[in-house]
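Working notes, structure below.
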Amino acid sequence: MEWFGREIEGVGDRICGYRMEMIEIRDKKMLMESGESYHAILVADPAGLGVPGIVLDLTPEEHQKVSALGLDWWDQVEVKLESGLKATIHVMNPKKVAETV
-10 MEWFGREIEG VGDRICGYRM EMIEIRDKKM LMESGESYHA ILVADPAGLG VPGIVLDLTP
50 EEHQKVSALG LDWWDQVEVK LESGLKATIH VMNPKKVAET V
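Written out as structure tokens, the structure is:
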């Protein structure tokens, strides 16, 4: 991934209890970083089928870079994946979205 300046290793897995939605980004900082006006975001959904993805092996500094985007409507949560691994993910907080996006 170019954003990190190195090839990021990862392994396929699934986040259970969530679904994926697309959300329009109006935050100027995020728009400048990504260049995209729509981003996928995870939303808690206990009845959902889960979301397949890749667990990235980030250094603490790289994780901090992601966290530093600091969008007001993100919550960071730790989840258990289908494989049993734990991961920190960024999920949408609908109450915060209504206030900031």
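Heads up: the sequence shown runs through residues -10 to 90, numbered per my numbering.
Every residue gets a Cβ at the ideal spot worked out from N, C-alpha and C, and that includes glycine.
Keep in mind that this is a model prediction, so the values were computed, not measured.
Between the Cα of residue i and the Cα atoms of the options, which residue gives the shortest distance?
{"i": "Y7", "options": "G(-1), M19, V66", "result": "V66"}
{"i": "G37", "options": "K84, S72, R3", "result": "R3"}
{"i": "W63", "options": "T48, R(-5), M19", "result": "M19"}
{"i": "H52", "options": "K17, T77, G42, V68", "result": "T77"}
Using the three-state DSSP reduction, which class does residue i fall into: helix, strand or coil?
{"i": "E25", "result": "coil"}
{"i": "P41", "result": "strand"}
{"i": "E51", "result": "helix"}
So, at 8 Å on beta carbons, what are the nonlocal neighbours of residue i in its own chain, with the 5 sequence-adjacent residues on each side left out?
{"i": "V32", "result": "Y7, R8, M9, E10, V80, M81, P83"}
{"i": "V40", "result": "R3, I4, Y7, R8, M9, L31"}
{"i": "K75", "result": "E67, V68, K69"}
Got a sec? Which residues, its chain only, sit under 6 Å from residue i by beta carbon, not counting five neighbours each side?
{"i": "V0", "result": "V44"}
{"i": "P35", "result": "G6"}
{"i": "D46", "result": "E(-2)"}
Output the distance between the C-alpha atoms of residue i and residue j, rounded to the nearest integer angstrom.
{"i": "M21", "j": "S72", "result": "35 Å"}
{"i": "V55", "j": "G(-6)", "result": "13 Å"}
{"i": "I12", "j": "G24", "result": "14 Å"}
{"i": "I(-3)", "j": "H28", "result": "20 Å"}
{"i": "V68", "j": "K17", "result": "29 Å"}
Spatial neighbours of residue i within its chain, please: CB distance less than 7 Å, with the 5 preceding and 5 following residues excluded, ordered by chain position.
{"i": "S26", "result": "E13, I14, L20"}
{"i": "E50", "result": "none"}
Which whole runs of the alpha helix (DSSP H) in the region -7 to 24 are 4 residues long or more, in chain order? Segments of the alpha helix (DSSP H) lying fully in the region -7 to 24: 17 to 23.
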